[in-house]
Amino acid sequence: MNIFYLVSNQPLPMDSTVLLLLTVLSVLGNVVGERKLKFVTVLYRHGDRSPVKAYPTDKYQESAWPQGFGQLTQEGMRQHFELGQMLRKHYMGFLNNTYDRHEISVRSTDVDRTLMSAEANLAGLYPPNGSQVFDPKLVWQPIPVHTVPLEEERLLSFPIPGCPRYKVLMNETEHSEEFVDMTNKYKDLIKLVREKTGLRNTNIESVWSVHDTLFCEARHNMTPPDWVTPQVMEDLRKLKDFGFKILFGVYKQQEKSHLQGGVLLGSIVNNITESAHPNSNRRLKMMMLSAHDTTIVALHSSLSIFNEKQPPYASCHIFELYQEDNGSFSVAMFYRNDTTRDPYQLAVPGCDLFCPLDDFVRLTKPSIPEDWDKECMVESPTKDKEVIIGLAICGSLLFLLILLLLTVLCRLHDRSSGYSHIHNERTDYHERKPTVLRFSIKSFDQEGYFLLW
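Quick note: the sequence shown, position 141, residue 364 per this note's numbering, numbers continuous.
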């Protein structure tokens, strides 16, 4: 069984690197036999793509890209095919050599580039063998990728729409000290971008799109405009990374996690715990999720492990559930943010690299919403006060109308008593005919009748 090993982010001397790898492999060699891999969740960003849009003065508009804006490129396809091959290598012996629909479930956002990334990834993960080959000239087989319409997506696309409380938090974030400081620090750059791009409104939250467009063009050898110097590009990158940070952090990160990344984290934790259930008969071994950079940032923020940098193309976060030799379970996490390296191991703050499942559930619980719809609601004292005042006014008017009606009826009754004539005191009660009084109440726009016996 192949498992991922810890990779340091800092370069080490060759002797130190060899010693570190030997030590880690030696330690892992002692524990591999004690752990049995039970379930894996893989979340990745799509591969290289064309820009989502162009700014007004950009000379490279949509026609400059073979498939238009926001589409997976040939490089993006290669990135995910390679990632699929890497996953095949590391999960050899855990997953079947051939595709088994009971072992893996794949879900993607309903976006061309994420759907295509999932398909390219699966082509590398499951090359057809034996009876699965339907064309000897084609080393590929169709594997289902599930999705839901974007307007119904509440798991993989962030920020999740339709949450008033989150909008309030974002408005409050713009008044936070860190946000104001960044705005003041880069106000000249923001002004430059507005003047050079032809965009009417530019701010920290929207400037990322300009960086994204320039970044995509640079990756595909397109000449940048004269005003885009290396320093401008670096400053735009910093603003872009800060734009990701404010979506899920900077201000009230815990509450933002409840309303955003915590939704995805909750789904992942539920799948992991279900696979660890003593009576579980699940044949599912891998859940694969194809999504976006904001998806990974939302998840990392809910786990408090976000490194404040945009996840690169085809970056991949992996959760692994292990069963220990004593029957207990543990969870390990790995992150791959470099296509030239294996994933490196991450730890949930406050736990070991192989975190006991009970601790993993306990540590992640504060970031997971209990009732998302309820937590998204916004209390409105102003509106409540208006409703109370309105009800009070309506009640007062109704009371006055009833009082007016009673006054009219009383006067009519008194007038009837003054002109009544008794023909025979001995007339039987049941033989007497009622006196009919007719009155009109204009405020009700209808006539009323009152009977006097």
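All C-beta atoms, glycine included, are put in the ideal place defined by N, C-alpha and C.
If you ignore the 5 residues before and after T280, its C-beta comes within less than 6 Å of the C-beta of T420 and G421, all in its own chain and listed in chain order. Between the alpha carbons of G293 and H269 lies a distance of about 11 Å.
For L415, the enclosing alpha helix (DSSP H) has its first and last residue at K410 to T420. Separation of N394 and M405 (C-alpha to C-alpha, rounded to the nearest whole angstrom) is 16 Å. About 37 Å separates the CB atoms of C439 and P589; that is not less than 8 Å, and the two are not in contact. Taking a C-beta distance under 8 Å as the contact criterion, S553 and P579 qualify as a contact pair. Nearest in C-alpha terms to L470, of all of P384, M511 and D358, is P384. Residue pairing for V554: DSSP places it in a beta bridge opposite L544 and C578. By the Cβ test, the region 499-509 is not in contact with the region 366-382, since fewer than three Cβ pairs between them sit closer than 8 Å.
In this structure, R272 sits near T296, with a CB-CB distance shorter than 8 Å. Residues H269, G270, L295, G299, H303 and S513 of the same chain have their beta carbon placed closer than 7 Å to that of S340, with the five preceding and five following residues left out of the count.
Pairing S399 with T332 gives a Cβ-Cβ distance that is not under 8 Å.
In this structure, DSSP gives M393 a helical state, which the three-state scheme calls helix. With respect to the 8 Å criterion, A555 and L526 are not classified as neighbours on the basis of their beta carbons. P350 and T562 have their C-alpha atoms some 20 Å from each other. Straight across, the Cα-Cα distance linking T425 with E547 is about 53 Å. Collapsing the DSSP output to three states places C439 in a helix. Straight across, the Cα-Cα distance linking G291 with T436 is about 13 Å.
Judged by their CB atoms, E326 and L544 are not nearer to each other than the 8 Å cut-off.
Counting along the chain, R258 sits inside the beta strand (DSSP E) bounded by residues R258 to R268. Using a 10 angstroms sphere on the CB of G489, the tally of other CB atoms reaches 16 or more, which defines it as buried. For R272, the three-state secondary structure derived from DSSP is strand.
Ranked by how close their Cα comes to the Cα of I491, the residues L378, H434, P535 and N504 have L378 in first place.
In the structure shown, the three-state DSSP call for A499 is coil. Scanning its chain for C-beta atoms nearer than 8 Å, with the 5 sequence neighbours on each side dropped, one finds around E342 the residues I366 and V368, in chain order.
Shown here for Q355: same chain residues with a beta carbon closer than 7 Å to its own, the five before and five after excluded, namely T321, Y322 and Q364 in chain order. Here P382 is not near H481, since their CB atoms are 8 Å or more apart. In the three-state scheme derived from DSSP, where H, G and I count as helix and E and B as strand, S399 is classed as coil.
DSSP places Q284 outside any alpha helix (DSSP H), giving it a letter other than H or E. Q308: member of the alpha helix (DSSP H) spanning Q297 to H313, first to last residue. In terms of Cβ geometry, V433 and V416 form a close pair [threshold 8 Å]. Look at A514 here: in three-state DSSP terms it is strand. Taking V391 as the centre and dropping the five residues before and after it, the same chain places the C-beta of V601 closer than 8 Å to its C-beta, in chain order. Of the residues assessed, Q477 falls on the exposed side of the cut-off, its CB having fewer than 16 other CB atoms within 10 angstroms. For G316 and W288, the gap between their C-alpha atoms comes out near 41 Å. Nearest to E375 by alpha-carbon distance, out of D458, V334 and E401, is V334.
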